[in-house]
Amino acid sequence: MSQNLELATRLLHADDEAHSEVNVAPAISVSTTFRAPGPVKLEYPDEPDVTSPQRHIYSRYTTPISTRVEKVLSALLGGHAITYASGIAATYSALVHLNPKRLAIRDGYHGVHVSIDVYKKAKPELEIIDIDDEFKAGDLCWVETPLNPTGEARNLKYYAEKVHAVGGRLIVDSTFAPPPIQDPFAWGADVVLHSGYELQGPNISEVIRIYYVECLRTLELRATRQAENGAALAQWLHRVSQTPAGQSWDGVRGGSIKHVWHATLQGQKDQGWIKKQMPGGGPACFSFMLDDPNEARVLPYMLKLFTPATSLGGVESLIEQRYLSDAGADKRLIRLSVGLENLEDLKEDLRQALNGVPAKVKARL
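Taken in order, the sequence shown gives residues 809 to 1173; the numbers are from the numbering used here.
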């Protein structure tokens, strides 16, 4: 499909040529193996095209619906897309494919670091360095931006130029910024990782893939609205964090929040490249720190519109004490994934919870 078409159009029509059935919506097929054609029609291509297979053989390779999903994703991302059953599987596959001599990485999603540890069991000589160390030929620079769980941005153009100058490669985890928020390929990425969660497809089973295709159709609308909500809510919570204890701002007690992280809250000197790199707005997922770990433990359960759960990218807002899903996180850290609810309703929900949490903690103690 032509990349000259606008994103919304590509999302709706990228897979038009990938199906022959009369169904408008993707048909449900749960088969793991597919009947071979008769000998008259049987062909043996020298180089089978996995992106547009003439026939399907076994579901671990291709299926009618996985082909449609990958065609839509390829049109969406501007590169050849491959889907995996989990992000950890995708991470490991990328490492095996790129086979780096050294890996430069700092912070980010803890699951990626677990996958790297598993990879190192097969390649113990792999050296781990920091992304701001000097690079050498054969290095792989792994940049996650915006960063999980804080939502802070990193300068992709800077790291692409730095690692490419010595013959290395750049892989970008763009989980927190799906299109149209950010396009890492435009800034020099060689490989880009996205999560099925943020593109609205919880698990890539055959049945869920059907739902996944339909959800991709509305990605531009959802991602743009969620980015707007996320940035506005982060700015609002930041104002709360600047309010001293004993005072209040917009009806929220001061001293309730210690710090807020979000790409739009980074230093003024960074805002120029951040706005260019993420023209679609800041991430919908970000974090803030409370003073008291006991308050962080109770707060998620005092909210009515935020569900206490770990994940991101869904149409509903989520909240979690990050320590529950990442044992390396500070117990005071709260992560939000902002959905499509009305912004003022979300503010009011946080307002009542932040004001009421001290009494709730005191009652529990």
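Beta carbons are placed, not taken as given, at the ideal position from N, Cα and C, and that holds for glycine.
Per the DSSP calculation, residue i is bridged to which residue(s)?
{"i": "D947", "result": "R910"}
{"i": "I936", "result": "L911"}
{"i": "Y866", "result": "T841"}
{"i": "P1116", "result": "I1127"}
{"i": "V1068", "result": "F1096"}
{"i": "S1056", "result": "R1061"}
{"i": "E952", "result": "D981"}
When the Cα atoms are used, what is the spatial distance from residue i to residue j?
{"i": "G1009", "j": "A1042", "result": "Reliability of the predicted coordinates at G1009 is poor, the pLDDT of 40 falling under 50, and no value is obtained from them."}
{"i": "S860", "j": "F943", "result": "38 Å"}
{"i": "S1049", "j": "L1098", "result": "9 Å"}
{"i": "L1113", "j": "G1121", "result": "15 Å"}
{"i": "I919", "j": "S982", "result": "According to the sequence shown, residue 919 is Gly rather than Ile. Each residue's alpha carbon lies about 14 Å from the other."}
{"i": "D1153", "j": "Y1109", "result": "17 Å"}
{"i": "P1166", "j": "G1136", "result": "25 Å"}
{"i": "A889", "j": "L881", "result": "6 Å"}
{"i": "N1102", "j": "I1142", "result": "12 Å"}
{"i": "G916", "j": "N956", "result": "5 Å"}
{"i": "V971", "j": "W950", "result": "10 Å"}
{"i": "A961", "j": "A1071", "result": "5 Å"}
{"i": "E952", "j": "F993", "result": "14 Å"}
{"i": "I936", "j": "L964", "result": "20 Å"}
{"i": "V1106", "j": "G1080", "result": "38 Å"}
{"i": "A973", "j": "L906", "result": "17 Å"}
{"i": "V926", "j": "G895", "result": "14 Å"}
{"i": "T1115", "j": "E855", "result": "48 Å"}
{"i": "R843", "j": "L948", "result": "42 Å"}
{"i": "Q1076", "j": "Q1085", "result": "15 Å"}
{"i": "G1164", "j": "P908", "result": "51 Å"}
{"i": "Q862", "j": "E851", "result": "9 Å"}
{"i": "S923", "j": "R1130", "result": "20 Å"}
{"i": "P872", "j": "R914", "result": "38 Å"}
{"i": "R1033", "j": "P847", "result": "53 Å"}
{"i": "A898", "j": "L1151", "result": "34 Å"}
{"i": "T1118", "j": "I939", "result": "27 Å"}
{"i": "S1013", "j": "G1089", "result": "Residue placement at S1013 cannot be trusted, given a pLDDT of 45 that sits under 50; the coordinates are not used to answer."}
{"i": "G1004", "j": "C1023", "result": "11 Å"}
{"i": "G886", "j": "G959", "result": "24 Å"}
{"i": "D1100", "j": "L1111", "result": "17 Å"}
{"i": "S1133", "j": "R1025", "result": "30 Å"}
{"i": "Y869", "j": "L1148", "result": "36 Å"}
{"i": "P932", "j": "E969", "result": "28 Å"}
For residue i, report the span of its beta strand (DSSP E) as first-last.
{"i": "R1143", "result": "1141-1145"}
{"i": "S1095", "result": "1093-1097"}
How is the alpha helix (DSSP H) around residue i delimited, first residue to last?
{"i": "H1046", "result": "1027-1049"}
{"i": "H918", "result": "918-930"}
{"i": "R1103", "result": "The sequence as given places Glu at residue 1103; Arg does not occur at that position. Unbroken alpha helix (DSSP H) run through E1103: 1101-1106."}
{"i": "S882", "result": "872-885"}
{"i": "A1161", "result": "1151-1172"}
{"i": "I1082", "result": "1079-1085"}
Among the options, which has the Cα closest to the Cα of residue i?
{"i": "A985", "options": "S882, P954, L885", "result": "P954"}
{"i": "Y967", "options": "D998, I989, N956", "result": "D998"}
{"i": "L903", "options": "V1068, A893, G886, L934", "result": "L934"}
{"i": "Q1074", "options": "G1088, F1094, V974", "result": "F1094"}
{"i": "G976", "options": "V922, V1021, A912", "result": "A912"}
{"i": "S1056", "options": "Y866, S1003, R1159, D925", "result": "R1159"}
{"i": "Y866", "options": "D925, T840, P932", "result": "T840"}
{"i": "S1064", "options": "E1028, A1104, D1078, G1038", "result": "A1104"}
{"i": "S1145", "options": "K1066, A1040, R1047", "result": "A1040"}
{"i": "E1028", "options": "L1001, K928, P987", "result": "P987"}
{"i": "D941", "options": "A930, R910, K929, P932", "result": "R910"}
message = Could you tell me which whole beta strand (DSSP E) segments of length 3 or greater appear in the stretch 960-1008?
response = The qualifying runs are 977-981, 999-1001.
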